[in-house]
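Going by the working numbering, 120 is the number at position 106 of the sequence shown; the sequence numbering is gapless.
Everything on this sheet refers to the single structure shown next.
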Amino acid sequence: MTKSFYFRNITIGIILFIIISIILMKNHESLRLQLFWVFSLVNTFLYPVAKMAVEKIALKFTTKGFWHRGLLTDDIGKNGIYAIYWLFCFVFAIPLSIIYLFLNDKKAG
């Protein structure tokens with residue numbers, strides 16, 4: 015992963031974190047919500063790593079061309095798929111980052 019990829023993709027993680035922070039501001043007394051906020055803060059910085067892990071796993075089984083033709087052509091309907099994909103990567107950032115580290119460790123060794 016390059017620095018440019020990380021910083022280009024961390025903006026989505028920051029935007030999701032800001033949205034979660036605004037929602038949690040209304041009920042900040044709950045311990046469960048405070049822990050969720052900390053979890054979201056960690057996921058913000060791990061989001062680009064998780065996104066890279068998903069891309070590497072997907073490209074092991076398909077080609078780049080597969081993601082740009084057929085049902086997955088670039089059109090308005092694809093924006094909803096992107097939102098689900100970004101949210102998936104954000105929520106599962108910790109386990110996906112561990113998978114990414116495992117994949118890179120196997121590759122280096």
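Just so it is clear, CB atoms sit at the ideal spot from N, CA and C, and this is done for glycine as well.
Being a predicted model, the structure only gives us computed values, none of them experimental.
task: Give a yes or no on contact between the segment 50-62 and the segment 107-119, applying the rule of three or more CB pairs nearer than 8 Å.
output: yes
query: Which residue from Leu-45, Phe-102, Met-39, Gln-48 puts its Cα closest to that of Glu-69?
result: Phe-102
message: If you measure between the beta carbons of Tyr-61 and Gly-27, is that distance less than 8 Å?
response: yes
- prompt: Can you tell which of Leu-49, Lys-40, Tyr-99 has the C-alpha that lies nearest to the C-alpha of Met-66?
  reply: Tyr-99
field: Bounding residues of the alpha helix (DSSP H) (the contiguous stretch that carries Met-39)
entry: 17-39
- prompt: Over what stretch of residues does the alpha helix (DSSP H) that includes Lys-78 continue unbroken?
  reply: Where Lys-78 is concerned, there is no enclosing alpha helix (DSSP H), given that its DSSP letter is neither H nor E.
field: N- and C-terminal bounds of the alpha helix (DSSP H) containing Phe-106
entry: Taken as a continuous stretch (DSSP letters only), Phe-106 belongs to no alpha helix (DSSP H), as it is neither H nor E.
task: May I have the straight-line CA-CA distance separating Val-52 from Leu-38, to the nearest angstrom?
output: 11 Å
query: What do you reckon, are the CB atoms on Tyr-96 and Val-63 nearer than 8 Å?
result: no
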